[in-house]
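Here is the structure we will look at, set down as structure tokens.
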Amino acid sequence: MIADQAYVNYNRIAKAIDYIKTHFKDQPALDEIASAVGISAFHFQRIFSDWAGVSPKKFVQYLSIEYAKQLLEKEQSTLLDAAYETGLSSSSRLHDLFINIEGMTPGEFKNGGKKLIINYCFAESPFGKIIVASTAKGICHMFFDEDEPQAVCNLISRFPNAQYHQVVDKFQKDALYIFQKNWHQLDQIKLHLNGTAFQLKVWEALLKIPLGGLTTYVDIAKKISNPKAARAVGTATGKNPVAFLIPCHRVIKANGNTGDYMWGNTRKSAIIGWEASKINHEPIKKRVN
6 MIADQAYVNY NRIAKAIDYI KTHFKDQPAL DEIASAVGIS AFHFQRIFSD
56 WAGVSPKKFV QYLSIEYAKQ LLEKEQSTLL DAAYETGLSS SSRLHDLFIN
106 IEGMTPGEFK NGGKKLIINY CFAESPFGKI IVASTAKGIC HMFFDEDEPQ
156 AVCNLISRFP NAQYHQVVDK FQKDALYIFQ KNWHQLDQIK LHLNGTAFQL
206 KVWEALLKIP LGGLTTYVDI AKKISNPKAA RAVGTATGKN PVAFLIPCHR
256 VIKANGNTGD YMWGNTRKSA IIGWEASKIN HEPIKKRVN
């Protein structure tokens with residue numbers, strides 16, 4: 006019986022997603038989508054959020070912003086054009102959507118970080134070569150990557166119009182000191198993060214996991230007061246732009262499996278083991294700007 010109900014709910018969610026993908030430019034309301042599926046708005050809201058990890062409204066917003074981003078990448082497209090083509094009534098609504106979902110204005114997305122000056126360098130860590138980049142506010146990017154040209158390409162893809170300098174600055178030095186043994190003499194590490202409000206909330210929760218500690222996606226969801234969002238937490242964790250400093254490697258599955266890791270499961274296990282040997286040291290303090 007339970008399996009039958011799950012199958013029914015799955016079909017409803019599949020039908021709802023197809024409907025939203027077809028009609029997102031009309032910005033359909035909850036009642037309209039629920040009616041298309043054939044159930045009450047209250048019931049639909051609950052089962053959709055359980056299955057997708059986000060509300061139907063948020064799902065519509067995600068589709069809308071992805072479409073708007075495609076339009077803004079066209080040189081001739083204006084913010085007003087993108088707003089109307091996406092089904093929004095004004096450029097101010099497009100602005101609010103970008104701030105809530107992307108953590109930046111549509112203008113900032115369109116210019117690709119044109120006013121940013123980013124310094125970057127490469128270093129060796131106990132877990133392989135790493136690229137670390139910083140703005141005037143703090144660390145904005147830190148990835149494990151043995152291929153230096155590819156690592157630079159990945160960085161530039163995040164901020165295509167920024168100015169880049171291969172130079173070591175104090176932010177980078179402070180960040181790289183984390184791999185040394187003298188944990189008590191570290192300056193406060195500053196981060197310059199760009200993400201959605203939800204992503205920033207998840208990353209902030211990750212920063213609070215102590216050195217040598219482990220938690221689960223479910224626990225993180227509870228900590229950010231959204232206990233049903235474990236799947237969305239996993240997605241936000243996978244978007245972490247700053248390896249190691251934002252310790253997404255400390256999040257495992259509820260069954261004890263280490264789970265996936267952007268920079269490889271073997272590296273994740275190695276980091277967990279390395280940190281376990283240092284649990285007598287105080288955790289590093291980090292501040293998000």
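Numbering follows this note's numbering, in which position 215 of the sequence shown is assigned residue number 220; successive positions increment by one, without gaps. Ideal Cβ placement from N, Cα and C applies to all residues, glycine included. All figures in this text were calculated on a predicted structure; none of them were measured in a lab.
Candidates the options: closest to residue i by CA position
i, options, result
"residue 139", "197, 183, 114", "197"
"residue 264", "180, 236, 205, 55", "236"
"residue 93", "73, 154, 279", "73"
"residue 283", "246, 268, 215, 234", "215"
"residue 144", "178, 185, 134", "178"
"residue 67", "38, 102, 181", "102"
"residue 115", "82, 126, 133", "82"
"residue 141", "43, 124, 128", "124"
"residue 309", "232, 36, 250", "Given that the chain is displayed from residue 6 to residue 294, the structure contains no residue 309 and the question cannot be resolved."
"residue 164", "135, 113, 62", "113"
"residue 49", "91, 17, 120, 132", "17"
"residue 69", "59, 32, 47, 208", "32"
"residue 224", "252, 256, 248", "256"
"residue 122", "269, 146, 128, 180", "146"
"residue 126", "61, 213, 149", "149"
"residue 269", "219, 95, 110, 132", "132"
"residue 217", "226, 252, 97", "252"
"residue 130", "96, 185, 176", "185"
"residue 180", "95, 248, 120, 162", "248"
"residue 162", "78, 212, 96, 174", "78"
As assigned by DSSP and simplified to three states, the class of residue i
i, result
"residue 19", "helix"
"residue 244", "coil"
"residue 130", "strand"
"residue 195", "strand"
"residue 230", "coil"
"residue 249", "coil"
"residue 125", "strand"
"residue 91", "coil"
"residue 220", "strand"
"residue 177", "helix"
"residue 135", "strand"
"residue 47", "helix"
"residue 256", "strand"
"residue 171", "strand"
"residue 164", "coil"
"residue 225", "helix"
"residue 214", "coil"
Residue i classed as buried or exposed, judged by whether at least 16 other C-beta atoms fall within 10 angstroms
i, result
"residue 85", "exposed"
"residue 242", "buried"
"residue 280", "buried"
"residue 274", "exposed"
"residue 172", "exposed"
"residue 276", "buried"
"residue 5", "Because the chain here runs from 6 to 294, residue 5 falls outside it and cannot be looked at."
"residue 246", "buried"
"residue 47", "exposed"
"residue 298", "Any question about residue 298 goes unanswered here, given that the chain covers just 6 to 294."
"residue 58", "buried"
"residue 239", "buried"
"residue 232", "exposed"
Cutoff 6 Å; reference residue i; Cβ partners in own chain excluding five residues on either side
i, result
"residue 22", "none"
"residue 34", "none"
"residue 229", "206, 210"
"residue 52", "14"
"residue 41", "24"
"residue 61", "35, 38, 53"
"residue 208", "251"
"residue 135", "128, 149"
"residue 234", "58, 226"
Proximal residues to residue i (C-beta, below 8 Å), its chain only, five neighbours per side dropped
i, result
"residue 244", "200, 204"
"residue 258", "221, 222, 264"
"residue 151", "133, 134"
Neighbourhood of residue i by C-beta, 7 Å cutoff - its chain only, sequence neighbours within 5 removed
i, result
"residue 254", "266, 273, 276, 277"
"residue 90", "76"
"residue 290", "Only weak support is given to the placement of residue 290: the predicted model assigns it a pLDDT of 48, under 50, and the value that follows is read from those uncertain coordinates. Cβ neighbours of residue 290 beyond the five flanking positions: 193."
For the segment 168-184 against the segment 17-28, do three or more pairs of beta-carbon atoms, one drawn from each stretch, fall closer than 8 Å, so that the two count as touching? no
At least three beta-carbon pairs within less than 8 Å, the segment 147-159 to the segment 198-206: no
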